[in-house]
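Below is one structure, written out as structure tokens; comments come after it.
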Amino acid sequence: MEAILELDRVSRFYGRGRGTVHALRDLDARLYAHSLTAVMGPSGSGKSTFLQCAAGLDRPSSGTVRLGGQEISAMGERQLTRLRRARIGFVFQSFNLLPTLTAQENVLLPLRLDGKPRDPARARRMLARVGLDGRADARPGELSGGQQQRVAIARALITEPDVVFADEPTGALDADTAAGVLGLLRESVTAYGATVVVVTHDAAVAARADRVLRLAEGRLVYDTVGAAA
Amino acid sequence: MTTGLATASVRARPSAFAGTFAALVFCATVVTASVAIAVSASGLPTSPEQQTVYEMGLVFSLVTVYMSIFVIGQVMALAVSQRGRESALLRAVGAGPWQIRRMVATEALWTALLALPVGYGLGALVALGWFAALEGNGMTPDGMALHIGLGPLFAALGVLVVSSQLGGIIASFRASRTRPAAALSTTRVPGGERAGRVRGVAALVFVAGAVAVTVATAAQPAEDAGDTIPIVLLAYLIAAGLAGPWIGRLATLLAAPVLRAAGGVAGELAVAGSRARARRLSAAITPMAMVTAFALAKFVSLAGSSEVDAVEIFGTLLYAGFAGLVAANTLVMLTLERLREFSLLRTIGAEKRQITRVVLAESGITALAGVGTGTVIGCAVMAPVGTKVGTPLSGLPVWAWAATLGAGALLVWAASAAPLGRMFRVRPIDGVTRRSA
């Protein structure tokens, strides 16, 4: 299998001296394309730092991160910014969307920031794919929590990124809505070949992932192949 | 308990507190300076010089008091509404509306008491400079010495405490009516609330009132008419403050085609943002309209006068400087509250310069609305009244118009973009979860 994301001996610590916090310690991981990976672990286990280092939002203190064979851990901030908008998609737990823009404008944002022309038809197709046919002109305030997460997923997928990172995407949703959002992430992997990494507490996510990584105290303690749906 | 809430509220949003504090210091400074001049001249034996200086001090005192009440009310309203989320959270966990109001009142009182000594000290310095300018031009009556004393202190105390309490009560009344669930939602647009019908009617009433005062002033003897110009300006400014959301919408409508065509994605974001946040735009429009209108009115007077003395120039600087600082302060507060939005944009791949461009494009709309409103107000007052007192609008040379409007636009741009450097130092992913820089 092709490794799309490679982390080699990645450490991240904050502060110095006796107060140093080690968020990640010498972590090695390979994530494969066209798969759904769940990253789990208790609070403070380094899940969020893992996501930030892997997604180009933070730079490791030592070690290397490669995305599609290209080392991103040595990139400058401007390069990382461009990388994020072209090759990485993000879905957060909440505050994903700009409240002043419509669903369609939010979905098109990464393309527009990259200087691509406006393509409303493309945004509408993507919105239809996530089950929001006809809601293109709604603003986030007019959408339910689950619908907002669907818009965020559409925005993450519109650039056809190498990897979509989702940080607790179902954390703020009720069980039924969460199942719908999870189904959508699963479908984007199975039917459209996306690569998705989900950081989560939710056992339901892990149950539908191709692979589960479990972190504790900044180290990888468990790695398995889950039951893919 | 309530004091505890107020302290916590200040800690949670140091920038909003700093904004209120700065505005109160500016107000205390100008009130202290002008009252000190008036009081120093009041006790002297009557003479033509004494009359001139005393009346000038009195007019300046009145106007700075009115301006301060207006400014503090605006800043308090902004500070309270920026804290909408915290208030909503407190309401959700069971705080009554009166507890929110008491929290705001306590905070306003302490801010006023802290700002007072700073403003009093600065005001004393301004009064010293002012007095030196008078003396240097031989305008001080015989035996006049600058006596600052406690009079200006109590005047400033009264203005600060009363207007911050009133402003806080009005603003928190609005905040306490908001449904907690709506205010807590992450999709809420700050300043996106619809402007009410009452506000619209009040704006029309004030416009009508301002027009009536203008007509009355123009009918007065020329000497008295000149003194009431600032009061007429303030009446129009209150109307503009009330009509702010509609003025903002109009400016967005006018600027939208240009920004969309030439501004790329930054222009689109600026138009969408300004349209959705009409109420916040209104908070920026009023102080900009104030500085523009006062500067224009003063420049027209100066251009038309045969002899321009140091007092007039000093007064112009005082008004324009005060209004300019208040405007800059408000614009900084408005940019700072958008850390989350800018951080989200950076997370999904917006470069710093793209965000800077969004802010500059939005400032264009703010400048159009604020400087434009100020120009309309300045003309509405000076066209009829200026002709009457012998300083017609046409007396102001073109370069002075260009300089005033250009300086106004530059102020909006510089102040709106000033906090960006500090905001960009916050890591994008941290900024998404934080509320203020």
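Sequence order for the protein chains is E and V.
Residue numbers for the first sequence, in UniProt numbering: 1 to 229.
Residue numbers for the second sequence, in UniProt numbering: 1 to 437.
C-beta atoms are modelled at their ideal positions from N, C-alpha and C, and glycine is treated no differently.
- Around the C-beta of Thr-46 (chain V), fewer than 16 other C-beta atoms lie within 10 Å, and the residue is accordingly described as exposed.
- Excluding residues up to 5 positions away in sequence, Asp-137 and Arg-139 lie with their Cβ nearer than 6 Å to the Cβ of Thr-102 (chain E) in the same chain.
- The CB of Leu-259 (chain V) never comes closer than 7 Å to any CB in chain E; the least such distance is about 14 Å.
- Collapsing the DSSP output to three states places Gln-70 (chain E) in a strand.
- Between Leu-114 (chain V) and Ser-40 (chain V), the gap from beta carbon to beta carbon reaches 8 Å or more.
- The C-beta distance from Ala-154 (chain E) to Val-107 (chain E) rounds to 5 Å, short enough to fall under 8 Å.
- When secondary structure is reduced to three states using DSSP, Phe-165 (chain E) falls in the strand class.
- Interface criterion met: the Cβ of Pro-428 (chain V) is under 8 Å from a Cβ in chain E.
- Here the alpha carbons of Gln-354 (chain V) and Ser-144 (chain E) stand approximately 30 Å from one another.
- Buried is the label assigned to Trp-130 (chain V), since at least 16 other Cβ atoms lie within 10 Å of its Cβ.
- DSSP places Phe-92 (chain E) in the coil class of the three-state scheme, outside both helix and strand.
- Under the rule that a run must span 4 or more residues, no alpha helix (DSSP H) segment is found entirely inside the stretch 204–231 of chain V.
- DSSP places Ala-216 (chain E) inside the beta strand (DSSP E), whose first and last residues are 211–216.
- Remark: C-beta atoms of Ser-43 (chain E) and Leu-215 (chain E) do not approach each other more closely than 8 Å.
- Taken in chain order, the complete alpha helix (DSSP H) segments of 4 or more residues contained in the UniProt domain "ABC3 transporter permease C-terminal" (317–426) of chain V are 339–347, 352–388, 398–417 and 420–424.
- For Met-40 (chain E), the enclosing beta strand (DSSP E) begins and ends at 36–40.
- Around the beta carbon of Glu-71 (chain E), fewer than 16 other beta carbons lie within 10 angstroms, which makes this residue exposed.
- Looking at the backbone, the Cα of Ser-163 (chain V) and that of Arg-66 (chain E) are separated by about 59 Å.
- Under the 8 Å criterion on CB atoms, Gln-354 (chain V) is classed as interfacial with respect to chain E.
- Judged by beta-carbon spacing, Ala-6 (chain V) lies beyond the 8 Å limit of Val-80 (chain V), meaning their Cβ atoms are not closer than that value.
- Annotation: Leu-27 (chain E) is outside any alpha helix (DSSP H); the continuous beta strand (DSSP E) that includes it extends over 21–32.
- Exclusion of the five residues before and after Tyr-32 (chain E) leaves Met-1, Glu-2, Ala-3 and Ile-4 as the residues of its chain whose Cβ lies within less than 7 Å of its Cβ.
- Within the stretch 276–299 of chain V, the residues whose Cβ lies closer than 8 Å to some Cβ of chain E are Ala-276 and Arg-277, listed in chain order.
- For Ala-191 (chain E), the three-state secondary structure derived from DSSP is coil.
- Across the set V:Thr-214, V:Val-159 and V:Arg-174, the C-alpha of V:Arg-174 shows the shortest separation from the C-alpha of Pro-97 (chain V).
- Taking a Cβ-Cβ cut-off of 8 Å, the neighbours of Val-432 (chain V) in chain E comprise Phe-92 and Phe-95, given in sequence order.
- In the DSSP assignment, Asp-223 (chain E) falls within the beta strand (DSSP E) that extends over 219–224.
- Beta-bridge partners of Thr-64 (chain E) (DSSP): E:Asp-8.
- The three-state reading of DSSP puts Val-201 (chain V) in helix, counting H, G and I together.
- Put simply, the backbone Cα of Ala-295 (chain V) is about 41 Å away from that of Leu-97 (chain E).
- For Val-198 (chain E), the secondary structure class from DSSP, reduced to helix, strand or coil, is strand.
- The beta carbon of Leu-128 (chain V) sits closer than 7 Å to the beta carbons of Leu-146 from its chain, once the five residues preceding and following it are set aside; these are given in chain order.
- The three-state reading of DSSP puts Ala-55 (chain E) in coil, since its state is none of H, G, I, E or B.
- Bridge pairing for Ala-3 (chain E): E:Tyr-32 [DSSP].
- Close partners of Gln-52 (chain E) in chain V (Cβ separation under 9 Å): Arg-427 and Ile-429.
- Straight across, the Cα-Cα distance linking Gly-123 (chain V) with Ala-166 (chain E) is about 55 Å.
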